[in-house]
Amino acid sequence: MGEAILRVEGIEKSFGKLKVLDGVSFSLDKGEVKVVIGPSGTGKSTMLRCINMLNPPDRGRIFLGGLDVTAAKADLVAIRQKIGMVFQHFALFNHLRAIDNVTLGLVQVKKMSRKAAMEKAMFELSRVGMQDHGDKYPAQLSGGQKQRVGIARALAMDPILMLFDEPTSALDPELIGEVLTVMQDLARNGMTMICVTHEMGFAKSVANEIIYMEHGKILEEGPPSDMFNNPQHPRTKEFLGKITQLYGETEKSGAAKVRE
Amino acid sequence: MSQSVFFMFATLPLLLQGAVVAILITLLSIALGFAAGVPITFLRIYGGRLGKGFANGYEWVLKGLPVLVTLFILYLGFPKLGIQIGSFAAIVLGLGLRSAAYQAQIYRGAVLSISTEQTEAGLSLGLSRFRTFFTIILPQAFRLSLPGFTNEFTIVLKDSPLAYAVGIVEILKQGRDITTTRGHTFAVYLACSILYFALFQLFYFLFQRINKKFAIPGFIFSK
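Top line first, the protein sequences correspond to chains A and B. Residue numbers for the first sequence follow this note's numbering, beginning at 1 and rising by one. Residue numbers for the second sequence follow this note's numbering, beginning at 1 and rising by one.
Right under this line is the structure:
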């Protein structure tokens, strides 16, 4: 497939007495898409935040393209520019217009000129279908629109890895589709991605591997076909069974189907 | 009666002189409150145990003391310890140091009510903590603090007549001086009240306009 973009080795994280991550290891090659599923509160979001050091792990190492992210002297500014993050509650900067949300990082961190930043921002907004809404403020956008701007903002930094933290969990069902479509296009165009999500349709269509996490550990991992059709671990079976019950109907009716 | 009404208008020039002093006291006290309040906010949010302890203590003490008492300590008490504090300095310090405690509370509330995701989003783009605070958190905290700040401003304005207690000639002292020499007591004090009320309205409308100017389109600060 290519060289490993990301290697996570034995990360552990506790918040006070609560051990949230208990030895998580996996790796990601260039262009791979991995979907992380599991019950809430099992450390999935924490794990994502370890990767870009928003929550440094207590133990373990993380390597981004060979660079040790967890090293004491790691250049977090440089590393974080290579990792794009999309948040469950969008986290758009409320006092800035959509276009300014996207240009902020370009001007402040990449030191681009205003003109160049605007051009790049418009390009990214077009990629997510938001080119006509650049002048709007986040409060004037719907949830799906906000999330697409959030994706554009992350993409504008030209990351080599994109982290999605339950990007559609806070959206009305009708708005989920537009965001998933953007994510699917990204995956098909070769972006390396880790997505924490409950959207099984998305996982089935673009994931190279599904990781099932519970209580801070990876219980099982494998290609979607294996995981959905032949899960080994009893907890995986139970979880996927429940999810299919909830989401299964929409699968069958094709409502979550992707444009081929 | 009509004599009194006429007299009210006749006192206006003197009272307006007092109004200038009242406004000056208010502006300086608020400015001191801001200059001292902001560092206290930082200490309370980002300070270590010592910093947080100091900030907490400061707020606790300054909110617990009546301004008049603080005023007397500064103006009458300190000189006995060898530190001379003039009447104008005393009123500005008295009002300003108390205002710092309340302003610190306003700004702290504003900063803390901004979701941590905002900071996370800034950091994840590669912004330093410093830049994240100044370009993302601060502009939003500023707008969130405006209502509280407006309120604090009007409180300081309405407390400015305490300057009377240390002999400063602002609106109330002017009024008192007039009544002791010329009478028309009710009319004069009524004139003072109207003037204070007019100042209050003036600043209120001013802050309304500022609020409108900086409002973020579509955004209602409720989380």
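We treat Cβ as the ideally placed atom computed from N, Cα and C, and that holds for glycine.
**Message:** Less than 9 Å between CB atoms is the rule here; does B/SER222 satisfy it with respect to chain A?
**Reply:** With a pLDDT of 43 at B/SER222, under the threshold of 50, the modelled position of this residue cannot be trusted, and the question is left open.
**Prompt:** Start and end of the beta strand (DSSP E) containing A/TYR212?
**Reply:** Its beta strand (DSSP E) spans residues 209-214.
**Item:** Rounded straight-line distance, which links the Cα of A/VAL149 to that of A/ALA139
**Value:** 12 Å
**Request:** Pull up the distance between the alpha-carbon of A/VAL164 and that of A/ALA78, whole angstroms please.
**Result:** The sequence shown places Phe at residue 164 of chain A, rather than the Val named in the question. When rounded, the distance between both Cα atoms is 20 Å.
**Message:** Please state the DSSP three-state secondary structure of B/GLY96.
**Reply:** helix
**Asked** B/ALA100 to B/LEU157, Cα distance in whole Å?
**Response** Near 15 Å, if we compare the C-alpha coordinates of B/LEU157 and B/ALA100.
**Asked** From A/GLY190 to A/ALA207, what does the alpha carbon distance come to, in whole angstroms?
**Response** 12 Å
**Residues of its chain near A/SER253, where Cβ-Cβ distance is below 7 Å and the 5 sequence neighbours each way are ignored** = Below a pLDDT of 50, predicted positions are generally treated as unreliable, and A/SER253, at 41, falls in that range; the measurement from the model is reported next regardless. Answer for A/SER253: no residue qualifies.
**Message:** Cβ closer than 8 Å: which chain A residues qualify as neighbours of B/GLU120?
**Reply:** ARG49, LEU54, MET85, PHE87, ALA91
**Request:** Along the beta strand (DSSP E) that carries A/LYS217, what are the first and last residues, could you check?
**Result:** 217-222
**Item:** Option in B/PHE205, B/LEU206, B/LEU172 with minimal Cα separation from B/PHE186
**Value:** B/LEU172
**Item:** Given B/ASP159 as reference, the closest of B/GLY96, B/LEU202, B/PHE42, B/THR11 once Cα atoms are compared
**Value:** B/GLY96
**Item:** Cβ separation of B/SER87 and B/ILE25, assumed to be a contact under 8 Å, to the nearest whole Å
**Value:** Taking C-beta atoms under 8 Å as the contact rule, B/SER87 and B/ILE25 fail to qualify, at a distance of about 11 Å.
**Request:** Kindly indicate which three-state DSSP category A/ARG97 falls into: helix, strand or coil?
**Result:** coil
**Asked** Can you tell me where the alpha helix (DSSP H) with B/GLY57 in it begins and where it stops?
**Response** 49-64
**Opening and closing residue of the alpha helix (DSSP H) in which A/ASP185 lies** = Annotation: the continuous alpha helix (DSSP H) that includes A/ASP185 extends over 173-188.
**Message:** Using 8 Å for Cβ pairs, my map puts A/VAL33 next to A/ALA187. What's the rounded Cβ distance?
**Reply:** 5 Å
**Prompt:** Is it the case that the Cβ atoms of A/MET157 and A/GLN81 are separated by a distance below 9 Å?
**Reply:** Against a cut-off of 9 Å, the Cβ pair of A/GLN81 and A/MET157 comes out as a contact.
**Request:** Report yes if the CB atom of A/MET162 is closer than 9 Å to the CB atom of A/ILE83, and no otherwise.
**Result:** Contact flag set, yes.
**Message:** Taking 9 Å as the threshold (beta carbon to beta carbon), is A/MET157 in contact with chain B?
**Reply:** yes
**Message:** With a threshold of 9 Å between beta-carbons, can A/ASP133 be considered close to chain B, or not?
**Reply:** It is His, not Asp, that sits at residue 133 of chain A in the sequence shown. It does not; no Cβ of chain B falls within 9 Å.
**Asked** Name the DSSP beta bridge partners of A/SER45, please?
**Response** According to DSSP, A/SER45 bridges with nothing at all.
**Message:** What does the Cβ neighbour count give for A/GLU174, buried or exposed, with the cut at 16 atoms within 10 Å?
**Reply:** That one is exposed.
**Asked** To the nearest angstrom, how far is it from the Cα of B/GLN118 to the Cα of A/MET47?
**Response** 19 Å
**Prompt:** Under the three-state reduction of DSSP, which class applies to A/LYS73: helix, strand or coil?
**Reply:** coil
**Request:** Taking 9 Å as the cut-off, decide whether the C-beta atoms of B/ARG44 and B/GLY33 are in contact.
**Result:** no
**Asked** Leaving out the 5 sequence neighbours to the left and right, which residues in its chain are closer than 7 Å to B/THR132 when beta-carbon positions are compared?
**Response** Shown here for B/THR132: same chain residues with a beta carbon closer than 7 Å to its own, the five before and five after excluded, namely THR119, GLY122, LEU123 in chain order.
**Request:** Following the continuous beta strand (DSSP E) through B/ILE83, name the residue where it begins and the one where it ends.
**Result:** B/ILE83: not part of any beta strand (DSSP E); DSSP gives it neither H nor E.
**Item:** Interfacial residues, the region 124-136 of chain B to chain A, with Cβ spacing under 8 Å
**Value:** SER124, LEU125, GLY126, LEU127, SER128, ARG131, THR135, ILE136
**Request:** Please go through the same chain and pick out, in chain order, the residues whose beta-carbon is closer than 6 Å to the beta-carbon of B/GLY148, but skip the five residues on each side of it.
**Result:** ILE106
**Request:** Taking A/GLY216 as the reference, give the member of A/PRO57, A/LYS30, A/MET53 with the closest Cα.
**Result:** A/PRO57
**Asked** Does the separation of the CB atoms of B/PHE272 and B/LEU146 fall below 9 Å?
**Response** The displayed coordinates of chain B run from 1 to 223. Any statement about residue 272 of chain B would go beyond what the structure contains.
**Asked** Would the region 203-214 of chain B and the region 178-192 of chain B be scored as touching if the rule is three or more Cβ pairs under 8 Å?
**Response** Flag = no, the region 203-214 of chain B and the region 178-192 of chain B do not touch.
**Nearest-angstrom beta carbon gap, A/ASN55 and A/LYS17 [assumed within contact, 8 Å]** = A/LYS17 to A/ASN55, Cβ: 17 Å. No contact.
**Request:** Label B/LYS212 either buried or exposed according to how many other C-beta atoms from any shown protein chain fall within 10 Å of its C-beta, with 16 as the threshold for buried.
**Result:** exposed
**Item:** Residues sharing a beta bridge with A/ILE83, DSSP
**Value:** A/LEU161
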